[in-house]
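In what follows, a single structure is set out as structure tokens and then discussed.
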Amino acid sequence: MRYVLGFILVVALAAGGLFLYAGRLPGPAIEIAKPTKYVGQAGTLEVAIAAPGAKLTSFKIAFEQNGKQTALASLAQPGNAEIKHDGPDKVRITRAIGRDSIPDLKSGPARIIVTAERPVMYGLRKTQSTASHDVTVRLEKPTIAVISTKHYINLGGAEMVVYRATPADVESGVQVGDLTYPGFPASGAKVEGVHIADPAVKIAFIALRWDQDINTPMHAYAKDEAGNAARADFDHLAFPKPFKKSKIPLDDKFLDRVVPAILDTTTEVNPQGSNLEKFLVINGELRQKNAQTIANYAKQSAPEILWGGAVFHPFTNTAVEAAFADQRTYVYDGKEVDRQTHLGFDLARVVNSPVVAANRGKVLHAGPLGIYGNCVILDHGMGVQSLYGHLSSIAVKVGDMVEKEQEMGKSGMTGLAGGDHLHFTMLVNGVMVNPVEWWDAHWIQDRILRKLHEASSGT
Ligand SMILES: [Zn+2]
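The opening position of the sequence shown corresponds to residue 58 in the numbering used here, with each subsequent residue numbered one higher.
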């Protein structure tokens, strides 16, 4: 009898110990991914819960502010939350968070609290975990209003917008279809006679890309970290531009010269086959990769106007061999083999002519760049940049500040060039735009300087 009692006691103690132990096993892993810092008028809540080897038995997500809790979602009452299974034992809960879900929401500190349970000991016990995340509620909407007037934009061309956005540190810019152009503080408009001290006034250089619709919608926007947003329309007129068509004949002599030379300078493509087949990869895939490399330089643009308001002139007394957005058809052996758009101007004078900086700027690229051969890219600030391709030699290096008309190298026929010429283009936030506008003093005056002076006298 004593043995039996002893045995029962041992079993009971073991079971009890196991029960206690199971209760101390870690609960589900909780990750509050969104919001990271701020809750605004309307934002997103995203929580991931993982319970390895088990199913979740319950979870609760609550919002706590000024001692009051509001339930946002639970397993039993998901409400407006979307619960997605990220594998057999992981769920991801997403829902809107803001004024609609928390009627008493006030600006100030708050906290998101998540508790979750998973079964242990074959479902006889549950183990719980809790996670919390401090956030700041910001409900004040930013404001934005466009100051500049008369925006005329050509297809493939550029424009400039001046606007006022508050608070002064709010992220803002101009949206043109699916492309975004950041705004820069107008205090960086270092142009004679222009002084804009108001930190809320911003400048955005924008473009209507050559292949966008002429009726592409555009507006200025401001968006804070809490997701509060404001937008402002501005008066604008867009003008179509007929682009020329041209034929580029290809022959073996040309392909034998350019194809191996370009492939020697890049590892971005590695085509096989005949020189014509390799050329088609260079003209298509490498052209696109080069455009992406060039567009990425926009991120390095200075927040100020480095060029002082003078016109852009890359070359003087030149013959124009090809214009912006020419629609090119490539012909080999009497057959059409490719089509591309030529996004620049081809300017020719004499072999090895000096290539000068179109305006004051900083060298961001000086070296081979795929189809552009030896290439220089200059930053002129606020997203405005210029590109010089096919050079035979380069006399500047990355980081150099160059003055307007300073020699940067000699023209040549490196890259995809049929003869000695300069390929020149302007860029606005990485988008290639028609350079003709930028070498027109009247255009610079009306599209840029007029607006800067108006904003300057108005503040
Ligand atoms: Zn060209």
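Glycine included, each C-beta is placed from N, C-alpha and C at the ideal position.
In chain order, what residues of the same chain lie with their CB nearer than 6 Å to the CB of residue i, ignoring the 5 residues before and after it?
i: G487; result: A352 and A355
i: P92; result: G100 and V192
i: A261; result: V218, G230, V231, Y238 and G240
i: W495; result: F369 and M483
i: A128; result: A119
i: A108; result: P85, D146 and R175
i: R288; result: H276 and Y278
i: Y209; result: L294
i: L444; result: I434 and T482
i: Q349; result: none
Going by beta carbon distance, what residues of the same chain come within less than 7 Å of residue i, once the five residues before and after it are set aside?
i: A71; result: none
i: A380; result: K301 and F402
i: T323; result: L343 and G427
i: T273; result: V233, G234 and L265
Can you give the Cα-Cα distance for residue i and residue j, rounded to whole angstroms?
i: L400; j: Y95; result: 42 Å
i: H252; j: A246; result: 7 Å
i: N327; j: L320; result: 7 Å
i: S410; j: S450; result: 10 Å
i: V102; j: I150; result: As written in the sequence, residue 102 is Leu, which differs from the Val given in the question. Those two C-alpha atoms are separated by around 8 Å.
i: K259; j: G240; result: 6 Å
i: V441; j: P360; result: 10 Å
i: I118; j: A279; result: 30 Å
i: E325; j: I339; result: 10 Å
i: A111; j: A188; result: 19 Å
i: V412; j: I434; result: 12 Å
i: L82; j: V68; result: 21 Å
i: G476; j: K346; result: 23 Å
i: H142; j: V148; result: 5 Å
i: A283; j: D157; result: 15 Å
i: L196; j: Q126; result: 19 Å
i: G74; j: S115; result: 25 Å
i: T516; j: D281; result: Here T516 scores only 46 on pLDDT, less than 50, and its place in the model should not be relied on; the value that follows carries that caveat. Rounded to the nearest angstrom, the two C-alpha atoms are 24 Å apart.
i: L66; j: R182; result: 21 Å
i: E334; j: S205; result: 50 Å
i: S303; j: F336; result: 18 Å
i: D161; j: G144; result: 36 Å
i: I106; j: Y60; result: 47 Å
i: Y179; j: N285; result: 47 Å
In the DSSP assignment, what residue or residues form a beta bridge with residue i?
i: L435; result: V420 and S443
i: T184; result: R175
i: Q134; result: In DSSP, Q134 forms no bridge with anything.
i: K304; result: T386
i: R152; result: L102
i: P411; result: K467
Give the C-beta separation of residue i and residue j to the nearest angstrom, bearing in mind that I take them to be a contact with Cβ-Cβ under 8 Å.
i: A264; j: V218; result: Contact flag wrong, Cβ pair sits at about 11 Å.
i: R266; j: L294; result: Not confirmed; about 17 Å, so no contact.
i: V420; j: V453; result: 5 Å
i: K301; j: D395; result: 17 Å between Cβ atoms; not a contact.
i: H478; j: A405; result: 4 Å
i: L448; j: G427; result: Rounded, the Cβ-Cβ distance is 14 Å, inconsistent with contact.
i: G438; j: I362; result: 5 Å
i: V248; j: L509; result: 6 Å
i: A254; j: S244; result: 6 Å
i: G418; j: W364; result: 6 Å
i: D436; j: S358; result: 5 Å
i: G124; j: A130; result: Not a contact, Cβ separation roughly 21 Å.
i: G214; j: V490; result: 6 Å
i: V177; j: I87; result: That pair is no contact at about 17 Å.
Identify, in the order they occur along the chain, each residue of the same chain with its Cβ nearer than 8 Å to the Cβ of residue i, setting aside the five sequence neighbours on each side.
i: L531; result: Examination of residue 531 is not possible in this model, given that the chain is present from 58 through 516 alone.
i: P166; result: Q122, D191, V192, T193 and V194
i: D308; result: Y389
i: I305; result: R385, T386, Y387, V388 and G475
i: R152; result: T101, L102, L129, A130, G136, N137, A138, E139 and S158
Requested in this report: Report yes or no: do the segment 386 to 396 and the segment 458 to 472 share at least 3 C-beta pairs separated by less than 8 Å?
Outcome: no
Query raised in the report: Touch check for the segment 216 to 226 and the segment 188 to 208: three-plus C-beta pairs under 8 Å?
Result: yes
Report task. Taking 8 Å as the threshold, find out whether the segment 365 to 385 comes into contact with the segment 499 to 509 through three or more Cβ pairs. Result -> yes
Requested in this report: Please confirm if the segment 452 to 466 is in contact with the segment 329 to 340, defined as three or more CB-CB distances below 8 Å between the two stretches.
Outcome: no
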